[in-house]
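Engineer: Take a look at the following structure, please.
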Amino acid sequence: MTTVGIESSQSGIPTQERRAPVKAGKVALWIWGIIGLLFLFFPVLVIIAYSFNSGNNLQIWEGFSLQPYLNAISRPDLLAPVGVSFRAATGSALLSAILGTFAGIALARSQKSRWLPALVGLLGLVMVTPEIVNAVSLLPWFVTLGKDMGFVIFNDGIVRLVVGHSLFSSAVVTFVVRARVAGLNPQLEEAAADLGANPLRRFIDVTLPLIAPAAVSGALLSFTLSLDNTVLSSFISVANSNSWPVYVWASVKSTLRPEIAAMSTLLLLFTILVLVIVALVLVRASKRTGGDDANLSSMLG
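Here the sequence shown is numbered in this note's numbering, starting from 153 and rising by one per residue.
Put into structure tokens, the structure is as follows:
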């Protein structure tokens with residue numbers, strides 16, 4: 153205390169005055185952060201507000217009403233593309249989680265392979281390739297498989313959406329799972345082997361519970377990426393299999409109705425709910441696996 157007082161008296165600047173620029177800087181950062189958040193989320197807030205518009209045109213406010221939400225959940229022409237989006241997103245999440253999980257494990261355990269840099273580079277190339285390039289490439293490929301080669305399953309719109317969306321999502325899941333596996337203690341599986349567990353048992357009882365949070369996170373990310381996909385979906389979709397983003401994009405060419413904003417708001421709330429549920433599951437999973445790493449006997453039953 154005496155030293156601080158001596159330094160303050162010697163400098164001639166009171167301690168409170170020296171702290172003032174620090175507090176001002178924190179306030180400025182808070183203000184800048186709030187402005188940034190408003191810039192990002194203000195359009196979303198506007199769409200949510202105008203989803204309660206009683207008029208027939210989304211851009212012209214005529215009054216408050218819940219009728220757009222009633223119309224959104226009762227009109228078949230709105231429910232059909234939403235159903236397509238959910239089915240495609242679910243299939244893409246499952247396929248990406250399976251492929252990405254095993255690919256991430258393989259990459260994490262092949263650190264000494266000379267092919268590792270090339271494989272990682274290819275996965276990175278998949279993530280940075282423009283979506284329009286993937287769309288133009290996939291369209292003739294699906295036509296060739298479905299029409300010319302007789303694989304009629306690729307004529308189905310849902311199958312096309314699942315395969316197309318999972319190409320990018322699988323790379324994302326691979327990197328997420330690879331990072332998780334690389335951070336695991338290799339002595340866990342070695343100890344499990346010493347306890348008599350075969351490779352399959354070690355994977356199911358030791359490795360899989362530890363990487364489950366990463367796999368679930370990747371699947372959730374794949375689900376949200378599929379719901380938001382517009383460019384690729386507009387190229388590879390067929391009749392009666394248009395997803396919700398494609399339907400909204402087509403509606404932009406005509407008059408946007410409040411029902412579209414209402415359905416988009418419901419999808420936003422559903423996405424937030426899923427994020428909260430998955431976050432709770434991941435927290436519980438991390439607590440369960442994080443504190444019991446040493447107890448291999450209980451993990452192996």
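Beta carbons: idealized from backbone N, C-alpha and C, even for Gly.
Measuring only the C-alpha atoms, how far is residue 213 from residue 221?
Structural biologist: Approximately 16 Å, taken between the alpha carbons.
Engineer: If we cut at 9 Å on Cβ distances, does residue 255 have a partner in chain D?
Structural biologist: The structure shown has no chain D; it contains just one protein chain.
Engineer: Do residue 420 and residue 196 have their CB atoms nearer than 9 Å?
Structural biologist: For residue 420 and residue 196, yes; Cβs fall inside 9 Å.
Engineer: So what does DSSP say about residue 204, is it helix, strand or coil?
Structural biologist: In the structure shown, residue 204 sits in coil (DSSP, three-state: anything other than H, G, I, E or B).
Engineer: If distances are taken between C-alpha atoms only, which option among 255, 320 and 361 comes closest to residue 286?
Structural biologist: Of 255, 320 and 361, the residue nearest in Cα terms is 320.
Engineer: According to DSSP, is residue 303 helix, strand or coil?
Structural biologist: In the structure shown, residue 303 sits in coil (DSSP, three-state: anything other than H, G, I, E or B).
Engineer: For the segment 316 to 355, list the alpha helix (DSSP H) runs that are entirely contained and at least 4 residues long, ordered along the chain.
Structural biologist: For the segment 316 to 355, whole alpha helix (DSSP H) runs of length 4 or above, ordered along the chain, are 339 to 346 and 351 to 354.
Engineer: Decide yes or no for the touch test of the segment 394 to 411 against the segment 258 to 271: beta carbon pairs closer than 8 Å, at least 3 of them.
Structural biologist: They do not touch, by the three-pair rule.
Engineer: Quick one: using the 10 Å Cβ neighbour count with 16 as the cut-off for buried, is residue 384 buried or exposed?
Structural biologist: The residue in question, residue 384, is buried, as its Cβ has 16 or more Cβ neighbours within 10 Å.
Engineer: What are the boundary residues of the alpha helix (DSSP H) that residue 357 is part of?
Structural biologist: First-last for residue 357: undefined, no H or E at that position.
Engineer: Rank 203, 211, 226 and 230 by C-alpha distance to the C-alpha of residue 217 and give the top, closest one.
Structural biologist: Out of 203, 211, 226 and 230, 203 has the C-alpha closest to the C-alpha of residue 217.
Engineer: Would residue 378 and residue 244 be called neighbours here (beta carbons separated by less than 9 Å)?
Structural biologist: Yes, the Cβ-Cβ distance between residue 378 and residue 244 is below 9 Å.
Engineer: Starting from residue 219, trace the alpha helix (DSSP H) in both directions and tell me its first and last residue.
Structural biologist: Its alpha helix (DSSP H) spans residues 219 to 224.
Engineer: Buried or exposed: which applies to residue 410, given that a residue is buried once 16 or more other Cβ atoms fall within 10 Å of its Cβ?
Structural biologist: When all chains shown are included, residue 410 counts as buried.
Engineer: Are the CB atoms of residue 306 and residue 313 nearer to each other than 9 Å?
Structural biologist: No. Outside cutoff.
Engineer: With burial defined as no fewer than 16 other Cβ atoms inside 10 Å of the residue's Cβ, what is the status of residue 141: buried or exposed?
Structural biologist: Absent from the model: residue 141. The displayed extent of the chain is 153 to 453, so no value can be given.
Engineer: Note the first and the last residue of the continuous alpha helix (DSSP H) segment covering residue 280.
Structural biologist: From DSSP, the alpha helix (DSSP H) with residue 280 extends over 268 to 280.
Engineer: For residue 242, which residues in the same chain have their Cβ closer than 8 Å to its Cβ, ignoring the five residues on either side in sequence?
Structural biologist: Same-chain partners within the cutoff: 375.
Engineer: According to the neighbour-count rule (16 or more other Cβ atoms, all chains shown, within 10 Å of its Cβ), is residue 354 buried or exposed?
Structural biologist: The residue in question, residue 354, is buried, as its Cβ has 16 or more Cβ neighbours within 10 Å.
Engineer: Can you check which of these residues, 209, 179, 186 and 205, is closest to residue 408 by C-alpha distance?
Structural biologist: When only C-alpha atoms are compared, the closest one is 209.
Engineer: Under the rule that 16 or more other beta-carbon atoms within 10 Å means buried, what is residue 327, buried or exposed?
Structural biologist: With 16 or more Cβ atoms within 10 Å of its Cβ, residue 327 is classed as buried.
Engineer: Express the C-alpha separation of residue 335 and residue 341 in angstroms, rounding to a whole number.
Structural biologist: Cα-Cα distance, rounded: 13 Å.
Engineer: Can you give me the C-alpha to C-alpha distance between residue 424 and residue 345, rounded to a whole angstrom?
Structural biologist: For residue 424 and residue 345, the distance between alpha carbons rounds to 41 Å.
Engineer: Is there contact between the segment 245 to 252 and the segment 361 to 375, where contact requires at least three CB pairs shorter than 8 Å?
Structural biologist: Taking 8 Å as the limit for Cβ pairs, the verdict is that the segment 361 to 375 does touch the segment 245 to 252.
Engineer: As a quick exercise: from 426, 412, 432 and 435, pick the residue whose alpha carbon is nearest that of residue 234.
Structural biologist: The shortest C-alpha separation from residue 234 is found at 412.
Engineer: Taking C-beta to C-beta, are residue 325 and residue 362 nearer than 9 Å?
Structural biologist: No.
Engineer: Would you mind working out which of 430, 387, 405 and 176 sits nearest residue 284, comparing C-alpha positions?
Structural biologist: When each option's Cα is compared against that of residue 284, the closest is 387.
Engineer: Would you list the residues sitting across from residue 216 in a DSSP beta bridge?
Structural biologist: Answer is 205, bridged to residue 216.
Engineer: Report all residues from its chain with a CB closer than 6 Å to the CB of residue 279; omit the five preceding and five following residues, and keep chain order.
Structural biologist: Closer than 6 Å at Cβ, skipping near neighbours: 323.
Engineer: Spatial neighbours of residue 414 within its chain, please: C-beta separation below 6 Å, excluding the five flanking residues on both sides.
Structural biologist: The residues are 203, 220, 221 and 224.
Engineer: Taking only three categories from DSSP, how would you classify residue 392?
Structural biologist: Coil.
Engineer: With 16 as the cutoff for other CB atoms within 10 Å, does residue 318 come out buried or exposed?
Structural biologist: Burial call: buried.
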